[in-house]
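K.L.:
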Amino acid sequence: MDTTTLGLRERKKAETRQAVHEAALRLVVEHGFDGVTVEAIADAANISRRTFSNYFAGKEDALLYGEEERFRRLVALVQEQPPGHSAWQAMRAAILDLYEEVGTPDREWAIRTRLAKKHPALLARQLANHAALERELAQAIADRRAPARPRVMAAAFLGALRLATFQWIEEEEARSLLEVGEEILDEVARPFT
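So the mapping is simple: the numbering used here equals the position in the sequence shown, first residue as 1, plus 725.
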């Protein structure tokens, strides 16, 4: 098979996943989690129910897709950091690289995401995703210099990022998410440096 065709096919799949994710998020914000069906999401994304099932197991997966993609990219960026970086330096550099690549989410996205995740099924799925990210991040930094166990550092780092997002929302965008995140990461880093 031609690599150009494969590249095009993969891009098309990514575009479809993103369209379904955006439709799911929009509908859940408008109608509530319980008021949205997989069929409604598929219709809004202009795909069939069967096509939806080829991409996602359920509406929870569709809603959390964007977050999961950012998690995967963050781990990859940590792994790409120079070998001389300590564990904390590698995670800090990776988060800056991620923001440079995808930009900071706007406040509306953060609020919609937070609202959508108030449903117990979504919260459970999100917690499972965060636990998996913590494990993957710990593995990504395991061979780097670290004053604490990799799992402890990964958990502290991810906790700081979540706290920064919540504080950014509460401040109503008085500062950029990156600025709030840097401040909190600096504070959390003190015991690790």
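All residues carry an ideal CB built from backbone N, CA and C; glycine is no exception.
Count the other CB atoms, across all protein chains shown, that sit within 10 Å of the CB of H922; report buried if there are 16 or more and exposed otherwise.
P.N.:
There is no way to answer for residue 922, as the model of the chain reaches only from 726 to 918.
K.L.:
Between A871 and the rest of its own chain, which residues show a CB-CB distance below 8 Å, the 5 nearest in sequence each way excluded?
P.N.:
Excluding residues up to 5 positions away in sequence, S811, A812, W813, M878 and F917 lie with their Cβ nearer than 8 Å to the Cβ of A871 in the same chain.
K.L.:
Of all the options I894, H844, R742 and V905, which has the alpha carbon lying nearest to the alpha carbon of E794?
P.N.:
R742
K.L.:
Looking at C-alpha atoms only, which residue of A787, A801, M816 and A769 is the closest neighbour of V913?
P.N.:
M816
K.L.:
If the criterion is Cβ atoms closer than 9 Å, does the pair V745 and I766 meet it?
P.N.:
yes
K.L.:
Give the straight-line distance between the Cα atoms of S901 and A818, rounded to the nearest whole angstrom.
P.N.:
17 Å
K.L.:
By how many angstroms is the C-alpha of A881 removed from the C-alpha of T838?
P.N.:
22 Å
K.L.:
Taking L862 as the reference, give the member of G884, S778 and A770 with the closest Cα.
P.N.:
G884
K.L.:
Does DSSP put D727 in a helix, a strand or coil?
P.N.:
Low confidence applies here, because D727 scores a pLDDT of 46, under 50, leaving its location unreliable; read the following figure in that light. Correct three-state label for D727: coil.
K.L.:
Can you tell me the Cα-Cα spacing of L910 and L886, whole angstroms?
P.N.:
7 Å
K.L.:
Below 8 Å on the Cβ atoms is my contact criterion, and I expect A841 with V753 to pass it. Report the Cβ-Cβ distance as a whole number of Å.
P.N.:
5 Å
K.L.:
If you drop the 5 nearest sequence neighbours on each side, which residues of the same chain put their C-beta closer than 8 Å to that of L823?
P.N.:
R795, R798, L799 and L802
K.L.:
In three-state terms, what does DSSP make of F891?
P.N.:
helix
K.L.:
Compute the Euclidean distance between the alpha carbons of N771 and L733, then round it to the nearest angstrom.
P.N.:
19 Å
K.L.:
Taking just the CA atoms, how far does F781 sit from G828?
P.N.:
Rounded to the nearest whole angstrom, the C-alpha separation of G828 and F781 is 25 Å.
K.L.:
Please return the same chain residues whose Cβ sits closer than 7 Å to the Cβ of A865, not counting the five positions on each side in sequence.
P.N.:
V800, V803 and Q804
K.L.:
Report all residues from its chain with a CB closer than 7 Å to the CB of E785; omit the five preceding and five following residues, and keep chain order.
P.N.:
A distance below 7 Å between beta-carbons, with the five flanking residues on each side excluded, links E785 to the following residues of its chain, in chain order: A846, L847 and R850.
K.L.:
Among P875, F891 and A739, which has the Cα closest to the Cα of P830?
P.N.:
F891
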